[in-house]
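Participant: Got a structure for you, written out below as structure tokens; questions coming shortly.
In the numbering used here, the protein residues as written are 16 to 420.
Structure follows, in structure tokens:
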């Protein structure tokens with residue numbers, strides 16, 4: 016992926032800050048159906064249940080008819096549709112203009128393409144639960160311009176990955192009067208842990224990608240290639256300094272589009288504690304090896320063996336014992352911290368299901384604000400995102416705010 020800005024000049028000019036948007040015009044109109052693709056997978060089923068709890072009747076889509084029928088009957092006789100990522104026509108048949116397609120089929124780098132292509136060509140609203148940097152880049156770099164032409168709205172990574180960072184970063188920028196030049200974001204577990212064998216396939220892919228795939232950062236006002244875990248830094252979380260490793264996320268594409276003064280965005284994943292430095296060293300050692308095509312192919316094959324679809328996820332007891340923490344810090348061009356925002360929330364899986372279900376419902380009832388590849392605030396506005404996150408369990412944590420005079 017060549018160095019590029021978050022959005023090409025052909026797509027649209029920067030909005031100049033979220034309090035002064037270009038035009039929040041509802042271009043997609045009223046949606047007709049919500050389709051959950053991957054409904055019998057771990058996150059897909061959680062999402063389907065949340066939608067039903069909200070009073071919606073989504074279409075359940077996936078590969079296995081028997082499993083779909085069983086879940087549909089349990090949830091009140093919902094419509095089902097058999098679709099397979101290896102048969103593109105079956106994905107196209109799921110969605111029409113104005114529909115909302117929720118894709119939970121991961122790993123997205125391997126299996127995400129058919130759903131986003133179908134939504135783009137149909138002119139639909141697309142939401143997904145992806146946390147993989149390569150697929151985020153694909154949505155923005157490869158599909159965004161066509162989506163603007165077809166009237167589709169592509170809104171990737173709408174969950175724990177990576178809506179809280181977008182919200183916290185935007186609020187921190189507002190605290191500075193839109194004057195910050197750098198945003199640092201961090202994702203932590205407040206308590207509990209997802210052990211490797213309890214992670215969903217998408218979570219495994221995110222972790223593995225930090226070691227075996229090139230990712231990206233936002234440096235000097237543009238997207239640049241960067242290895243995963245290249246940077247390590249600590250954040251004050253619940254009174255403790257906790258490390259995190261840098262990863263490519265949605266925020267590198269979306270935050271600068273809202274705030275043109277921002278020249279650097281770094282997101283850190285803080286799941287690994289004392290292993291963070293080890294991951295940084297491993298990433299540095301792996302980088303030259305993975306530049307050799309046979310080694311890169313072997314590493315990706317190993318990841319595919321470890322990262323499988325429909326493997327289930329954490330138990331209810333594990334989810335109940337897990338909390339999330341999110342941090343955003345804004346800095347000026349001299350490296351002085353200007354503002355900080357923190358949030359806490361429930362486990363990432365149920366938070367994601369609640370949040371993406373609410374987003375689909377809002378898209379159904381009110382549409383979205385733009386077309387093309389969008390961040391959450393571009394799609395719905397900061398007030399709606401704040402409301403959705405709050406209803407999904409995200410709570411602000413009191414933290415010092417350094418006001419700008």
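C-beta atoms are modelled at their ideal positions from N, C-alpha and C, and glycine is treated no differently.
May I have the straight-line CA-CA distance separating residue 44 from residue 297, to the nearest angstrom?
Facilitator: For residue 44, the predicted model reports a pLDDT of 44, less than 50, meaning its position is unreliable and no value from the coordinates is stated.
Participant: When the distance is taken between beta carbons, is residue 274 closer than 8 Å to residue 188?
Facilitator: Yes; because the gap between Cβ atoms is below 8 Å, this pair is in contact.
Participant: Buried or exposed for residue 125, going by 16 or more other Cβ atoms inside 10 Å?
Facilitator: Label assigned to residue 125: buried.
Participant: Measuring only the C-alpha atoms, how far is residue 36 from residue 194?
Facilitator: Here the model assigns residue 36 a pLDDT of 38, short of 50, so the residue's position is not dependable, and the following value carries that caveat. The alpha-carbon atoms of residue 36 and residue 194 are separated by roughly 17 Å.
Participant: Helix, strand or coil: how does DSSP classify residue 331 here?
Facilitator: Here residue 331 sits in helix by DSSP.
Participant: Here's the rule I'm using: 16 or more other beta-carbon atoms within 10 Å means buried, otherwise exposed. How should residue 91 be labelled?
Facilitator: Exposed.
Participant: Which of helix, strand or coil does DSSP assign to residue 376?
Facilitator: Here residue 376 sits in helix by DSSP.
Participant: Could you tell me which residues DSSP puts in a beta bridge with residue 295?
Facilitator: Beta-bridge pairing links residue 295 to no other residue.
Participant: Exposed or buried, residue 89, counting other C-beta atoms within 10 Å across all chains shown (16 or more means buried)?
Facilitator: By the neighbour-count rule (16 or more Cβ atoms within 10 Å), residue 89 is not buried but exposed.
Participant: Determine whether the beta carbon atoms of residue 178 and residue 400 lie at a separation below 8 Å.
Facilitator: Taking 8 Å as the Cβ cut-off, residue 178 and residue 400 qualify as a contacting pair.
Participant: Work out the CA separation of residue 172 and residue 242 for me, nearest whole Å.
Facilitator: Cα to Cα, the separation comes out at about 20 Å.
Participant: Would you check if there are 3 or more beta carbon pairs closer than 8 Å linking the stretch 370-380 to the stretch 61-80?
Facilitator: In short, these stretches touch, since the Cβ pair count reaches three.
Participant: Judging by CA-CA distance, which residue of 107, 76 and 281 is the nearest neighbour of residue 230?
Facilitator: Of 107, 76 and 281, the residue nearest in Cα terms is 281.
Participant: Assign residue 150 to buried or exposed, taking buried as 16 or more other Cβ atoms, counted over all protein chains shown, within 10 Å of its Cβ.
Facilitator: Per the 10 Å Cβ criterion, buried.
Participant: Going by the DSSP bridge assignment, what does residue 172 pair with across the sheet?
Facilitator: In DSSP, residue 172 forms no bridge with anything.
Participant: What are the residues that DSSP puts in a beta bridge with residue 49?
Facilitator: Paired residue(s): 115.
Participant: Among 204, 256, 236 and 175, which has the Cα closest to the Cα of residue 196?
Facilitator: Selected option, being the one with the closest Cα: 236.
Participant: When the cut-off is 8 Å and only beta carbons count, does residue 197 lie next to chain C?
Facilitator: Absent here is chain C; the protein component of the structure consists of one chain.
Participant: Under 8 Å by Cβ, that's how I've got residue 291 and residue 252 pegged, so tell me the actual separation to the nearest angstrom.
Facilitator: Between residue 252 and residue 291 the Cβ distance is about 13 Å, and since that is not below 8 Å, they are no contact.
Participant: Is residue 55 buried or exposed, if buried means 16 or more other CB atoms sit within 10 Å of its CB?
Facilitator: Under this definition residue 55 is a buried residue.
Participant: Does the structure place the stretch 251-271 close enough to the stretch 139-159 that three or more beta carbon pairs sit under 8 Å?
Facilitator: Yes: the two stretches touch, three or more of their Cβ pairs being nearer than 8 Å.
Participant: Using only alpha-carbon positions, find the residue among 386, 271, 203 and 120 that is nearest to residue 233.
Facilitator: Out of 386, 271, 203 and 120, 271 has the C-alpha closest to the C-alpha of residue 233.
Participant: Reducing DSSP to helix, strand and coil, say where residue 267 ends up.
Facilitator: In the structure shown, residue 267 sits in a helix (DSSP, three-state: H, G or I).
Participant: Taking the runs of the alpha helix (DSSP H) that are 4 residues or longer, which of them lie wholly in the stretch 129-173?
Facilitator: Fully enclosed alpha helix (DSSP H) runs of 4 or longer: 148-153 and 159-165.
Participant: Any idea which residues DSSP pairs residue 358 with across the strands?
Facilitator: Its beta-bridge partners are 341 and 411.
Participant: Quick check: residue 339 and residue 359, are their CB atoms within less than 8 Å of each other?
Facilitator: Yes, Cβ-Cβ distance for residue 339 and residue 359 is below 8 Å.
Participant: Tell me, please, which residues DSSP counts as bridged to residue 99.
Facilitator: Paired residues: none, contrary to the question.
Participant: Just curious, the alpha helix (DSSP H) that residue 187 is in, first and last residue?
Facilitator: Note, residue 187: alpha helix (DSSP H), 178-190.
Participant: Should residue 65 be labelled buried (16 or more other beta-carbon atoms within 10 Å of its own) or exposed?
Facilitator: That one is buried.
Participant: Using a threshold of 7 Å, is the CB atom of residue 199 nearer than that to any non-hydrogen atom of the ligand FMN?
Facilitator: Although the ligand FMN was asked about, the structure shown includes no ligands whatsoever.
Participant: Please classify residue 101 as buried or exposed, where buried requires at least 16 neighbouring CB atoms within 10 angstroms.
Facilitator: The residue in question, residue 101, is exposed, as its Cβ has fewer than 16 Cβ neighbours within 10 Å.
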